[in-house]
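Before any comments, here is the structure.
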Amino acid sequence: MTASVTDAVAAVDYDHFVTEPDGSTLPQSSSISSIQQMLEALDVRPGHHVLEIGTGSGYTTGLLANLVGAAGLVRSVEVFADLVPRAQTRLAAAGVTTATVTNNDGYAGDPARAPYDRVVAWATPHLIPSAWIDQIAQDAVIVAPVKVARLARAHAIVTITVTGGRQMAVSARPGGYIEMHPEPVTVFGLPLRYVDAAHVPDGAEPWWLSSPALREDPDAARRLLELLRSAPGSSPAPLAETEDLEDFTAWLYATVPAELATAGLSDRFAAIGAATQTGAAFLTDDELVTSGSPDAARVLTAWINQWRDEGRPGWSTVAGVVVPTAEGWGIRLTLQPANLGEGVEAMTQ
Ligand SMILES: C[S@@+](CC[C@H](N)C(=O)[O-])C[C@H]1O[C@@H](n2cnc3c(N)ncnc32)[C@H](O)[C@@H]1O
């Protein structure tokens, strides 16, 4: 950790921001270690103008205000109206005068004080919204969780470096935050985007299926989810103990993002694998869950074999690629040549 992020963490009182009057912790709080990693990547300097999306408790707003110092400013946007006065009050009580919190949908950014030298998000958009891109300075860094496929729960935390208004370097690491939502969320446990079939029982975790390949055929997606719910076969996970499911997942995102499927399997939570018209095969941390015809299991086995043949590449060898769209920058992952190794950033455009 750099001295500045460590100093900011030492100077800003976490409990002051996250603790509720009854002693509980505000649910919208993030873990300090994950915050620290993202702030390291953001590389905030004194005097910077920073746009923050997802104020939550206001703790990260306080850290950012500490990092930009008296000559900088922080504009923070929070969609959940009740959290805005809460954060404002606590920031004021902590002596913060350079941060402003507004109630809005973070997809719109905050044009009032653009351009920004840094943009950081604590909620996951489906792409980097064009408003953020329009609001950055010629030289800027964006650090945000973002979708890396049109697939529920497929996300990474990316660091995008913009130089001279154009050139982009994108690095990616595993991680994610709650999905960005324009309104308060009422159903928990169900992803907000890219769910193709869902079953939400009362008082239990939901079942859901996300499959770009079945997206045009909602009946097939529903039938497959029904099969999974009614007859889920279970066998031990096919990955060896030394093989990392997170790394295999990174490889899948980079290699077969359109063929891949994800699922919520009630109390088994999220899983990743293959879905066909008639069969499903999903990996959890310790199981292979299958249903219907064996074609999906064959697809998944072929992917595992290909990943092994390629030397089991994972997060240390993927980078992000920007895919420009009318709504903003879509982010996809790509495999780096093996000899470039960890920490190397891919140049795009
Ligand atoms: C993980 S919490 C933020 C944690 C915060 N950084 C902290 O230290 O407490 C994510 C926040 O993003 C907010 N959020 C979700 N969708 C949003 C949107 N579209 N615009 C702005 N904020 C959003 C949520 O209401 C929530 O407060």
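When the count follows our numbering, it moves up by one through the sequence shown with no breaks and lands on 375 for the last residue.
All C-beta atoms, glycine included, are put in the ideal place defined by N, C-alpha and C.
Going by the beta-carbon positions, is the gap between residue i and residue j smaller than 7 Å?
i, j, result
"A230", "Q303", "no"
"A322", "A301", "yes"
"P210", "W341", "no"
"A239", "E205", "no"
"V110", "N130", "no"
"F308", "G299", "yes"
"A119", "T81", "no"
"D312", "A263", "yes"
"G354", "V184", "no"
"V31", "L65", "yes"
"H152", "R248", "no"
"A138", "Q161", "no"
For residue i and residue j, I'd like the C-alpha separation in whole angstroms.
i, j, result
"F295", "G190", "43 Å"
"D108", "S83", "11 Å"
"A182", "V348", "13 Å"
"A149", "V315", "30 Å"
"A306", "A223", "13 Å"
"D33", "A134", "31 Å"
"G369", "G95", "Only weak support is given to the placement of G369: the predicted model assigns it a pLDDT of 41, under 50, and the question is left unresolved by the model."
"H385", "T126", "No answer is possible for residue 385: it lies beyond the span of the chain, which begins at 27 and ends at 375."
"I58", "G88", "13 Å"
"Q362", "T351", "23 Å"
"Q54", "Q62", "17 Å"
"G367", "W158", "The predicted position of G367 is uncertain, since its pLDDT is 42 and thus under 50; a value taken from the coordinates is nonetheless stated next. Roughly 30 Å separates the two Cα atoms."
"H74", "D243", "48 Å"
"A163", "Y142", "5 Å"
"G19", "V344", "Given a span of 27 to 375 for the chain in the structure shown, any question on residue 19 remains unanswerable."
"A37", "P320", "57 Å"
"I270", "T115", "Reading off the sequence, residue 270 comes out as Asp, not Ile. Taking the straight line joining both Cα atoms gives about 44 Å."
"T374", "V188", "Confidence in T374 is poor, its pLDDT being 35 and thus under 50, which makes the residue's placement too unreliable to answer from."
"F214", "G202", "16 Å"
"S60", "Y85", "13 Å"
"L265", "N92", "45 Å"
"E252", "R241", "16 Å"
"N365", "R192", "Note on N365: pLDDT 46, under 50, position unreliable in the model; the coordinate value appears next. Rounded to the nearest angstrom, the two C-alpha atoms are 27 Å apart."
"R338", "T268", "11 Å"
"S377", "D293", "Residue 377 falls outside the range modelled here, since the chain spans only 27 to 375, and no answer is possible."
"G259", "A29", "51 Å"
"A372", "S56", "Low local confidence applies: a pLDDT of 40 at A372 is under 50, so the model's placement there is unreliable, with the coordinate-based value given in what follows. Rounded to the nearest angstrom, the two C-alpha atoms are 28 Å apart."
"V35", "S156", "31 Å"
"P217", "E336", "32 Å"
"V439", "R324", "Coverage of the chain is limited to positions 27 through 375, which leaves residue 439 absent and any answer about it impossible."
"A287", "T310", "13 Å"
"T360", "A180", "14 Å"
"G49", "D136", "33 Å"
"T281", "P232", "28 Å"
"T124", "L117", "10 Å"
Since residue i and residue j should fall inside the 8 Å C-beta cutoff, what is the C-beta to C-beta distance between them, to a whole number of angstroms?
i, j, result
"L90", "V103", "Going by Cβ atoms, the distance from L90 to V103 rounds to 13 Å, so no, they are not a contact pair."
"V172", "V146", "Wrong, their Cβ atoms sit about 12 Å apart, outside the cutoff."
"W234", "A297", "No, W234 and A297 are not in contact; Cβ-Cβ is about 11 Å, not under 8 Å."
"A175", "Y279", "6 Å"
"L291", "L254", "7 Å"
"S236", "V221", "6 Å"
"V122", "R144", "So it is not a contact: roughly 17 Å between Cβ atoms."
"I79", "G132", "4 Å"
"R358", "P283", "7 Å"
Please check if any C-beta of chain C sits within less than 7 Å of the C-beta of residue i.
i, result
"S50", "Absent here is chain C; the protein component of the structure consists of one chain."
Using DSSP bridges, identify the partner residues of residue i.
i, result
"I204", "None, per the DSSP bridge assignment."
"A166", "V188"
"R101", "L77 and T126"
"R144", "V76 and V167"
"V315", "S260 and F308"
"L361", "V344"
"P350", "W355"
"A224", "W234"
"G290", "W234 and A296"
"T51", "T45"
"R199", "I183"
"I159", "In DSSP, I159 forms no bridge with anything."
"V172", "A182"
"I154", "W355"
"A134", "In the DSSP output, where bridge partners are listed per residue, A134 has none listed."
"A301", "A306"
**OP:** Please determine if the region 183-199 and the region 90-105 are in contact, where contact requires at least 3 C-beta pairs separated by less than 8 Å.
**Re:** With a cut-off of 8 Å, the region 90-105 and the region 183-199 do not count as touching, because too few Cβ pairs lie within range.
Original post:
Are at least three pairs of beta-carbons, each pair with one atom in the region 69-79 and one in the region 42-49, less than 8 Å apart?
Top reply: Here the region 69-79 makes no contact with the region 42-49; the two share fewer than three CB pairs at distances below 8 Å.
**OP:** Spell out a yes or no on whether the region 274-281 and the region 323-336 are touching, meaning 3 or more CB-CB pairs, one atom from each, closer than 8 Å.
**Re:** The region 274-281 is in contact with the region 323-336.
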